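In case it helps, mature numbering (1 follows the signal peptide of the UniProt record, and there is no 0) puts the sequence shown at residues -29 to -1, 1 to 290. Glycine included, C-beta positions come from ideal geometry on N, C-alpha and C. Just so you know, these numbers come straight off a predicted model, no measurement behind them.
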Amino acid sequence: MLNRRSLLFSLGLAAVAAGTAGCSAPAPAAPADDSYSHTLTGYGGKTVTLPRAPQRVVTDFYSLAAMAPYGIRPVGAWGYGLADDTSLGGASIEGVPIVGKDAEFNLETLAGLTPDVLIGFGNADGTGWTWWEEPVAEQATAIAPFMPIEMRGRGVDELIGEYAELARSLGGAVDTPELARARDDYAAAQERIRGLAADKQLTVLPLSIGADTNYVGVNQAQLQLLGACGVRFTEYPVEGDSAWAEVSWENLAGDESDLIMVLDGYPAEAEKNPVFGDLAAIRAGQRTPWNDKRPYHHANYAAWLNQFADAYTAARPLT
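In structure tokens form, the structure reads like this:
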């Protein structure tokens, strides 16, 4: 049986034979260039080049959700967010083969999908998925090239644009009237928050509660977005360049923030901690959800910004 290289070699010999059969034979037409190249804005402008435009794309669930509005539907998906409605943002996964849930990853399933490219949140140097261990990264990228989306230190607008341009390169529809309305809604929601923050200064605590300790957001994309609209955040000491400040229950006690953003996915027992229930904003019913893994597209962020604006409108200064 001929393998691919043998087949191509045989075809090449046939072409040479045909070309020399007669002097009057026309020169063969130059082959069409079906190669694909896309330059990401992350990782210093990393360019991914493939021999042909990818038709079979496998993504992590976060990327599936981010590109769903553009009509990009992967042939397989993996990762975190499957059980989290907010992370999926309403994107349908019906009929999409699951390569792995959370940190699990089935290389055999991936190989069976014969993907052209893998897309997901990238690790520090963009060589693999951020939650892959090195052996898995090597084996997965041997099956198909990995296209990384850099997350660290990037803003919402940049990430929405990254996914939109990637979807465009994959044949997605990025200029529809529906998407234009979503962009307008997103801009209007930001203006709404700017007006609210100018009229009423509240202190906002971006909190992730845990069973044993807690974390306060520092520079997540969502906080950058709200901060640019004039929202003021409660700050806690942070070590190094970490994106989170670790705060014990003891040190969280007595926090006087006016509004608390509670990160989705917290353990049920954490909410029952008496320190949490005794926080001024919680006693006043001034809390609102947030999710640092919500899908990066305009419609999703417009909805969340308006949800935050509703909570901000209803809240009052507590000190």
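Query	Result
Proximity test, Cβ basis, 8 angstroms: ALA280 and chain B	As a matter of chain content, chain B is missing from the structure shown, which is built from one protein chain.
Buried versus exposed, by CB contacts within 10 Å (16 or more), THR290	exposed
Buried or exposed (CB count within 10 angstroms, at least 16 for buried), ALA(-9)	The pLDDT assigned to ALA(-9) is 38, lower than 50, so where the model puts this residue is not dependable; a value taken from the coordinates is nonetheless given after this. Result: exposed.
Burial state of PRO266, where buried means 16 or more other Cβ atoms lie within 10 Å	buried
Where ALA135 falls: helix, strand or coil (DSSP)	helix
Test item: CB-CB of LEU84 and ARG154 under 8 angstroms	no
Per-residue DSSP class, three states only, for THR174	strand
Alpha helix (DSSP H) segment containing TRP220, residue limits	220 to 223
Backbone CA spacing between ALA39 and ILE64 [nearest angstrom]	10 angstroms
Member of TYR272, ALA37, SER6 whose CA lies at the smallest distance from the CA of ASP156	TYR272
Inter-residue spacing [alpha-carbon to alpha-carbon] between PRO86 and LEU53	20 angstroms
Inter-residue spacing [alpha-carbon to alpha-carbon] between THR18 and HIS9	6 angstroms
Where THR259 falls: helix, strand or coil (DSSP)	strand
Secondary structure, alpha helix (DSSP H): runs of 4+ residues fully inside the region 51 to 119	56 to 59, 78 to 83, 105 to 114
Beta-carbon gap between PHE92 and TYR33 smaller than 8 angstroms	yes
Same chain, Cβ closer than 8 angstroms to ASN94, five either side skipped, listed in chain order	TRP100, THR101, TRP103, ALA108, PRO119
Where GLN191 falls, given that 16 or more other Cβ within 10 Å makes a residue buried	buried
Three-state secondary structure (DSSP) of TYR207	coil
Exposure of PRO288, with buried meaning 16 or more beta-carbon neighbours within 10 Å	exposed
Rounded separation between GLN172 and ILE164 - CA only	11 angstroms
Own chain, CB closer than 7 angstroms to VAL88, minus 5 neighbours either side, in chain order	LEU21, PRO25, VAL28, ALA115, PRO116, MET118
Cβ-based neighbour list, ASN77, same chain, cut-off 7 angstroms, excluding 5 preceding and 5 following	VAL70, GLY71
Beta-bridge partners of GLY181, as assigned by DSSP	None, per the DSSP bridge assignment.
C-alpha gap between ASP128 and GLN161, whole angstroms	12 angstroms
Alpha-carbon spacing of ALA252 relative to ILE231, whole angstroms	6 angstroms
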